[in-house]
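Participant:
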Amino acid sequence: MQLKAYFPGAIYPTISITGNKCLLNCSYCRGRYLDGMVSAVTPELLYQAAKSLKKKAAKGILVSGGFDKDGVLPIRPFLPTIKRIKEELGLLVSVHPGLVDREMACLLRESKIDIVDFQLVVDPIVIKEMQGLERGPLGYMESLDALMKYGPPYIAPHIPIGFRDGD
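Quick note on numbering: the sequence shown equals residues 13 to 179 in this note's numbering.
(1) Given this structure, state the Cα-to-Cα distance separating V128 from V107, to the nearest angstrom.
(2) State the Cα-Cα distance for the pair N32 and L46, rounded to the nearest angstrom.
(3) Nearest CA to the CA of D126: which residue from A61, Q60 and K71?
(4) So, with DSSP's three-state summary, where would you put F175?
(5) What's the call for M160, buried or exposed, on a 16-neighbour Cβ count within 10 Å?
(6) Where does V50 fall in DSSP's three states?
(7) Return the chain-ordered list of same chain residues with a C-beta closer than 7 angstroms to the C-beta of P25, the five sequence neighbours on each side being excluded.
(8) What are the boundary residues of the alpha helix (DSSP H) that includes I94?
(9) Measure the alpha-carbon distance for C2 versus Q14 and round it to whole angstroms.
(10) Confirm, please, whether the CB-CB distance from L132 to Y162 is below 7 angstroms.
(11) With C-beta atoms as the reference, is G77 less than 7 angstroms away from S28?
(12) So within the region 98-142, which uninterrupted alpha helix (DSSP H) runs reach at least 4 residues, ignoring any that extend past its ends?
(13) Can Y40 and T93 be called in contact, C-beta distance under 7 angstroms?
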């Protein structure tokens, strides 16, 4: 068995497609993680960032950013560019999309994304009080189900621990 692991850093940088903006503004993050990401707020800026990072020996990129009020990363306009990055630059591409439906899961797959990093939150207090979402744990479970059935080949669920403590 072979294990491959990619950690954010020089060879696997994280790119925010929303800059430092996050409408969800969860109490445990408040957008602070966005400050450490490469900002690329348009599809063309995303392509240029990926091209520049590849020249600096990056093996892949994690596309992330701030979420909208429904817990969704506004990635749809970037999907053709992500497909272009895969085809022209050959980088490994993972995304942190937030909540998704079946249609978005299919679009992520069609864009040739390699991995979905999916934050699986099942604590109703974290979801309602800290994230401000109304969907509850079922929304996360339905998203994971859609990704597993219709999404990219690899889904990496992230199960957060300590959000209530502010960690």
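Here a beta-carbon is modelled for each residue, glycine too, at the ideal position from N, C-alpha and C.
Facilitator: In short:
(1) Here residue 128 corresponds to residue number 116 of the sequence shown, with the count starting at 1. Here residue 107 corresponds to residue number 95 of the sequence shown, with the count starting at 1. Roughly 5 angstroms separates the two Cα atoms.
(2) One-based indexing of the sequence shown puts residue 32 at position 20. One-based indexing of the sequence shown puts residue 46 at position 34. In a straight line, the C-alpha of N32 is about 5 angstroms away from that of L46.
(3) For the purposes of this step, residue 126 is taken as the residue at position 114 of the sequence shown. Ranking A61, Q60 and K71 by CA distance to the CA of D126 puts K71 first.
(4) For this step, residue 175 is matched to residue 163 along the sequence shown. F175 falls in the helix class under three-state DSSP.
(5) Sequence index remark: in the sequence shown, residue 160 carries index 148 (1-based). By the 10 Å Cβ count, M160 comes out exposed.
(6) Here residue 50 refers to the residue found at position 38 of the sequence shown. For V50, the secondary structure class from DSSP, reduced to helix, strand or coil, is strand.
(7) Here residue 25 corresponds to residue number 13 of the sequence shown, with the count starting at 1. Closer than 7 angstroms at the Cβ level, and outside the excluded window around P25, lie V50, L65, A70 and I73.
(8) Against the sequence shown, residue 94 aligns to sequence position 82. Taken as a continuous stretch (DSSP letters only), the alpha helix (DSSP H) holding I94 covers L91 to R96.
(9) The requested residue 2 is not part of the displayed model; the chain covers only 13 to 179.
(10) The count along the sequence shown starts at 1 and reaches residue 162 at position 150. The count along the sequence shown starts at 1 and reaches residue 132 at position 120. Going by C-beta atoms, Y162 is not nearer than 7 angstroms to L132.
(11) The count along the sequence shown starts at 1 and reaches residue 77 at position 65. The count along the sequence shown starts at 1 and reaches residue 28 at position 16. Contact flag set, yes.
(12) You should have 114-122.
(13) The residue labelled residue 40 in the question sits at position 28 within the sequence shown. The residue labelled residue 93 in the question sits at position 81 within the sequence shown. Contact check for Y40 against T93 fails: the beta carbons are separated by 7 angstroms or more.
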